[in-house]
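A.B. asks:
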Amino acid sequence: MDSAHSARNTAAAYAAAYPNLATALGVGAVVGVVALGVAKRNNTLWTRFNTAGEIPLRAPAKGTTSKPLRLRGYAVSVGDSDGFRFYHTPTLRPFTPSQLPGRLRNKDVTISVRLAGIDCPEAAHFGMTAQPFSYEAMAYTVSRLMPGATVRPGAAKFARGTFSTAVSQIDDNQSRRSPTVGGVAGYVQIDVFRRDQYDRAVAMVWYRPYPVWMPWYWRNLSVDLLREGLAVVYRQAGAEYGGMKEAFENEEAKAKRVRRGLWSKPHLASPAEHKKAHRDVAGS
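Going by this note's numbering, the first residue of the sequence shown is number 382, and it counts up by one from there.
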C-alpha cells in the first residue's frame, strides 16, 4: 500500500515539475518518425551510393532550381582541381576507415564529384596544354580534401615552372598513376544538385579545416578557390550556385582586384576559353 502510494506521489511530483514532459516526448517521437521516414525514402541513412548514377535525384519543379541532396563521406582521390572521388558513408551504416578504397581503380565504389559554380585552370590532357596555376589549384584542392597529401608535379599534367622549387623536387617515380602522394582521405559533405553529361555529381563541397577541432565548422571549397584566385565563376549552361552566386562573384571580383592567383597574369584565358581554343585547333 505504501509503495503504491509512494509511486503515485512520485509520478505526481514529476508531472508537477515537468508539466510539458509528456507533450515534449510525444512531439519528439513524431518528429523522429517523420525524419526517419524522409531519410528512408531518400535512402540517405541506410543505403550507400556507389556511383553518381545511384543517387536518387529528383527533377526540380518548373520555374524552380534544383534542391540538393546532402551526403557525407570521404574524399579518397583528387584527379582534377575541381573534381574528386567521394566515398559515401551513410549515417547509420557501420563503417571503419579500413573500408575506404585505394586511390586507383575505385570508380565502381566511389562517386565522381564536380565542384559546383566554379571552373579551375586546366591541367594538360587529351593534347591540351596546361594553364598557368593549374598546379597551384590542384595542390590547394588536394590540401583541403586530403590532409597531408601533396601533388606530384608531372610534365604530362602540369606546366613546369608554375610551382615552388621544394615541391618540384618530389620524385616523379612516385605514384606514377596517381597525381597525389601521401595524406589521408578527408571527411567532407556534398550537396548534390544533379548529374552532368559525364555522369558526375555536380555538388557544393564543404570540408572541415585540418586539424579538426571545431566539428561543426565547415568551409566551402568553391568559395575558397575563388578567394585564392585559383578559379573563376562558372557561367556556362547548367551552372549551379546553390543560392551563392552573389558570394561567388564577390570573391572573384576581390581576387581580380588585387591580382591574386590567375588574375596576376594579364589577358589570361579563362578555363572555358582555353578548352574552346583547344577544340577549335583540334577540329581545324
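The C-beta atom is built at its ideal place from N, Cα and C for all residues, glycine as well.
Per DSSP, which one or two residues make a beta bridge with Phe467?
C.D. replies: Ala456 and Ile492
A.B. asks: If I follow the unbroken alpha helix (DSSP H) through Met519, where does it start and stop?
C.D. replies: Following the DSSP letters along the chain, one finds Met519 inside the alpha helix (DSSP H) bounded by residues Ser515 to Leu526.
A.B. asks: Roughly how many whole angstroms lie between the Cα atoms of Pro502 and Pro513?
C.D. replies: 7 angstroms
A.B. asks: I'd like the list of long-range same chain contacts for Asn554, defined as Cβ closer than 6 angstroms, with 5 residues on each side in sequence excluded.
C.D. replies: Per-residue confidence for Asn554 stands at a pLDDT of 40, beneath the threshold of 50, marking its modelled position as unreliable; no derived number is given.
A.B. asks: Between which two residues does the beta strand (DSSP E) holding Asp572 run?
C.D. replies: Gly567 to Arg576
A.B. asks: Asp580 and Ala433: beta carbons closer than 9 angstroms?
C.D. replies: yes
A.B. asks: Go ahead and pull the three-state DSSP assignment for Phe544.
C.D. replies: Summary for Phe544: the model assigns pLDDT 38, below 50, so the residue's position carries little reliability; its value from the coordinates is reported in the next sentence. Phe544: coil per DSSP, three-state reduction.
A.B. asks: Could you name the residues that DSSP lists as bridge partners for Asp461?
C.D. replies: Gly464
A.B. asks: Buried or exposed: Gly529, going by 16 or more other Cβ atoms within 10 Å of its Cβ?
C.D. replies: exposed
A.B. asks: Under 8 angstroms: do the segment 511 to 526 and the segment 471 to 491 share three or more Cβ pairs, one atom per stretch?
C.D. replies: no
A.B. asks: According to DSSP, what are the bridge partners of Trp587?
C.D. replies: In the DSSP output, where bridge partners are listed per residue, Trp587 has Gln570 and Asn601.
A.B. asks: Which residues in the same chain as Ser645 place their Cβ atom closer than 8 angstroms to its Cβ, once the five residues preceding and following it in sequence are excluded?
C.D. replies: Gly610
A.B. asks: Report yes if the CB atom of Arg429 is closer than 9 angstroms to the CB atom of Thr470, and no otherwise.
C.D. replies: yes
A.B. asks: On a Cα-Cα basis, can you pick out the residue from Ala620, Ala584 and Ser479 that is closest to Leu452?
C.D. replies: Ala584
A.B. asks: Would you say the segment 626 to 638 touches the segment 462 to 469, given that touching needs at least three Cβ pairs under 8 angstroms?
C.D. replies: Proximity of the segment 626 to 638 to the segment 462 to 469 falls short of the contact definition, fewer than three beta-carbon pairs being nearer than 8 angstroms.
A.B. asks: Starting from Phe629, trace the alpha helix (DSSP H) in both directions and tell me its first and last residue.
C.D. replies: Lys626 to Arg638
A.B. asks: Assign Leu473 to buried or exposed, taking buried as 16 or more other Cβ atoms, counted over all protein chains shown, within 10 Å of its Cβ.
C.D. replies: exposed
A.B. asks: When you compare only the Cα positions, how much space is there between Asp605 and Ser479?
C.D. replies: 30 angstroms
A.B. asks: Which residues in the same chain as His509 place their Cβ atom closer than 8 angstroms to its Cβ, once the five residues preceding and following it in sequence are excluded?
C.D. replies: Per the sequence shown, residue 509 should be read as Met rather than His. So the list reads Glu503, His655, Lys656 and His659, once near-sequence residues are dropped.
A.B. asks: Expressed to the nearest angstrom, what Euclidean distance is found between the alpha-carbon atoms of Pro449 and Gly623?
C.D. replies: 8 angstroms
A.B. asks: Do you know offhand how far Val494's Cα is from Pro596's?
C.D. replies: 23 angstroms
A.B. asks: When you compare only the Cα positions, how much space is there between Lys626 and Leu643?
C.D. replies: Spanning the two alpha carbons is a distance of roughly 20 angstroms.
A.B. asks: In terms of DSSP beta bridges, what is Leu450 paired with?
C.D. replies: Val573
A.B. asks: Are Ala634 and Asp500 touching if we call contact CB-CB under 9 angstroms?
C.D. replies: The answer is no: Cβ separation not under 9 angstroms.
A.B. asks: Using a Cβ-Cβ cutoff of less than 7 angstroms, which residues in the same chain neighbour Gln570 once the five nearest sequence positions on both sides are dropped?
C.D. replies: Arg451, Arg453, Trp587 and Trp599
A.B. asks: Give me the Cβ distance between Ala497 and Ser603, rounded to the nearest whole Å; I'm assuming they're in contact under 8 angstroms.
C.D. replies: 6 angstroms
A.B. asks: Round the Cβ separation of Ala582 and Ile492 to the nearest angstrom and send it over; I've been treating them as touching at under 8 angstroms.
C.D. replies: 5 angstroms
A.B. asks: So which of Asn431, Val614, Gly564 and Leu649 has the shortest CA-CA distance to Val490?
C.D. replies: Asn431
A.B. asks: How long is the line joining the alpha carbons of Thr425 and Arg616, rounded to whole angstroms?
C.D. replies: Here the C-alpha atom of Thr425 lies approximately 30 angstroms from the C-alpha atom of Arg616.
A.B. asks: If you run the structure through DSSP and keep just helix, strand and coil, what is Ala658?
C.D. replies: helix
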